[in-house]
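**Student:** Residue numbers (our numbering): 34 to 408.
Positions of the beta carbon are idealized from the N, C-alpha and C atoms, including for glycine.
1) Which residues does DSSP list as the beta-bridge partners of residue 185?
2) Using a Cβ-Cβ distance under 8 Å, would residue 263 count as near chain D?
3) Could you give the distance in angstroms between the alpha-carbon of residue 124 and the alpha-carbon of residue 135?
4) Note down, one range per segment and in chain order, each beta strand (DSSP E) of at least 3 residues found wholly within the segment 215-275.
5) Tell me, please, whether the segment 198-211 touches the segment 242-254 by the rule of three or more beta-carbon pairs shorter than 8 Å.
6) Along the chain, where does the beta strand (DSSP E) containing residue 345 start, and where does it finish?
7) Can you name, in chain order, every residue of its own chain whose Cβ lies under 8 Å from the Cβ of residue 220, other than the five neighbours on each side?
8) Relative to the alpha-carbon of residue 366, which residue among 376, 373 and 349 has its alpha-carbon at the smallest distance?
9) Quick one: Cα of residue 93 to Cα of residue 87, how far?
10) How is residue 96 classed by DSSP in three states: helix, strand or coil?
11) Where does residue 153 fall in DSSP's three states?
12) Mind checking whether residue 391 and residue 282 have CB atoms under 8 Å apart?
13) Between the beta-carbon of residue 85 and the beta-carbon of residue 104, is there less than 8 Å?
14) Taking Cβ positions, are residue 82 and residue 148 nearer each other than 8 Å?
15) Go ahead and label residue 212 buried or exposed: buried means 16 or more other beta carbons lie within 10 angstroms of its beta carbon, across all protein chains shown.
16) Just curious, the beta strand (DSSP E) that residue 102 is in, first and last residue?
17) Between which two residues does the alpha helix (DSSP H) holding residue 55 run?
18) Apart from the five residues on each side of it in sequence, which residues of its chain come closer than 7 Å, Cβ to Cβ, to residue 229?
19) Beta-carbon separation of residue 179 and residue 334 under 8 Å?
20) How close, in whole Å, do the beta carbons of residue 146 and residue 152 come, if the pair is a contact with beta carbons under 8 Å?
21) Kindly provide the ranges of any alpha helix (DSSP H) runs that are 4 or more residues long and lie completely inside the segment 276-344, ordered along the chain.
22) Do three or more CB pairs link the segment 351-369 to the segment 277-296 at distances below 8 Å?
23) Please report the distance separating the alpha-carbon of residue 388 from that of residue 406.
24) Determine the burial state of residue 394: buried for a count of at least 16 other Cβ atoms within 10 Å of its Cβ, exposed for fewer.
25) Which partner residues does residue 387 have in the DSSP bridge list?
26) Rounded to whole angstroms, what's the CA-CA distance from residue 312 to residue 324? Just pull it up for me.
27) Figure out for me which residue from 203, 177 and 398 has the closest Cα to the Cα of residue 374.
28) With the cut-off set at 8 Å, would you say residue 327 and residue 402 are in Cβ contact?
29) Looking at the structure shown, is residue 124 part of a helix, part of a strand, or coil, going by DSSP?
30) Whole-angstrom Cβ separation of residue 150 and residue 79, contact assumed at under 8 Å?
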């Protein structure tokens, strides 16, 4: 059985601060009560509330996923014998209380204004908090798993690469293979979680990393490699649906001579419009890892482990060189820059409209990672 204790965050914060100041965490004899005023710290309180909210959301999600319910008890409910007897029923107990235990005393029964020395500052600070989360970026994107089979380790180097799909994967894998002078296709991958944990135990001091790509460039890479062409590795069924149902202006076969820069720009803009609906859960097509938000991908990875190092593509050279040196590779070749995606490069079609549309589609990534305009 799960019992969730709750309390007004402002009152719990002040009570916690007073207990810290007095060293008194429980009161059974009023004569021994210690009194103290505390000074309100706005930053500390905001962190306190944020931790509470995150924990409450976590609890609710886990209860939903596992098909359970909990008995919620607020601080004031502790003074209600009927609520406590309701808790007994919830626990399956036949026993009932005639009255509550009166040995415990409320330590700080006075108003908050009497317990906080800078109460005016507290009022001003709390009035500025977004209690209803009005500034939250809506997110209807499905949760992702850790995708462990896609992780790649060094041949001998104690490095774990956690790829971000539609990022500079080929370039990073070539760099990783080059550390030990082996072909890329011999790098260990397709491991289970158990197998990867065993690798971690064998490789004490291992480091893990991933590489972020700008959302505009990443969406363009996904479009040029998975949707626009036909052949191995492309998404034929999704391509067909995008052409026939979502009316993406892409050729029925491989792009030919008539597929010029203007046609490519129109097709990519239409793809971004589709992604906006797709990431908002408004299409029947899966949110594929190649165009899911990088924030969702990282949250998925965190179910197994978070990367030690999150690198931006434009900083990949010096960051990977530093990482190689830390692992004992003093003469590592720098990673190659990713080639422009074809048949037409992003720089040939990019403009303010594409940037604004991508910023709407990937607003979580722009917000959480601080991406600026591409280029």
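**Tutor:** Looking at the atomic coordinates:
1) Its beta-bridge partners are 194 and 222.
2) Annotation note: the requested chain D is absent from the structure, which comprises a single protein chain.
3) Cα-Cα distance, rounded: 22 Å.
4) Runs of the beta strand (DSSP E) spanning 3 or more residues and lying entirely within the segment 215-275 occur at 240-245, in chain order.
5) Cβ pair count under 8 Å is three or more, so yes.
6) Its beta strand (DSSP E) spans residues 342-345.
7) Non-local beta-carbon contacts of residue 220 in its own chain, meaning distances under 8 Å to residues more than five positions away in sequence, involve 185, 186, 187, 188, 206, 209 and 210 in chain order.
8) Nearest C-alpha to residue 366: 349.
9) Taken atom to atom, the span from the alpha-carbon of residue 93 to that of residue 87 is near 10 Å.
10) In the structure shown, residue 96 sits in a helix (DSSP, three-state: H, G or I).
11) In the structure shown, residue 153 sits in a helix (DSSP, three-state: H, G or I).
12) In this structure, residue 282 does not lie closer than 8 Å to residue 391 by Cβ.
13) Taking 8 Å as the Cβ cut-off, residue 85 and residue 104 do not qualify as a contacting pair.
14) No; because the gap between Cβ atoms is not below 8 Å, this pair is not in contact.
15) Around the beta-carbon of residue 212, 16 or more other beta-carbon atoms lie within 10 Å, marking it buried.
16) No beta strand (DSSP E) contains residue 102, which DSSP labels as neither H nor E.
17) Annotation for residue 55: the continuous alpha helix (DSSP H) segment containing it runs 42-55.
18) Only residues of its own chain outside the window of five on either side were considered, and among them 181 and 184 have a CB closer than 7 Å to the CB of residue 229, listed in chain order.
19) It is a contact, given that the beta carbons lie within the stated cut-off.
20) The beta-carbon separation of residue 146 and residue 152, rounded to 5 Å, stays under the 8 Å limit for a contact.
21) Under the rule that a run must span 4 or more residues, the alpha helix (DSSP H) segments found entirely inside the segment 276-344 read 294-312 and 327-334.
22) A contact between stretches requires three or more CB pairs, one per stretch, nearer than 8 Å, and the segment 351-369 fails this requirement with the segment 277-296.
23) For residue 388 and residue 406, the distance between alpha carbons rounds to 7 Å.
24) Buried is the call here.
25) Answer by DSSP bridge pairing: none, since residue 387 is not bridged.
26) Distance between the alpha carbons of residue 312 and residue 324 is about 9 Å.
27) When the alpha-carbon of residue 374 is set against those of 203, 177 and 398, the nearest one is in 203.
28) Contact: yes.
29) Residue 124: coil per DSSP, three-state reduction.
30) Incorrect: roughly 19 Å between the Cβ atoms, too far for contact.
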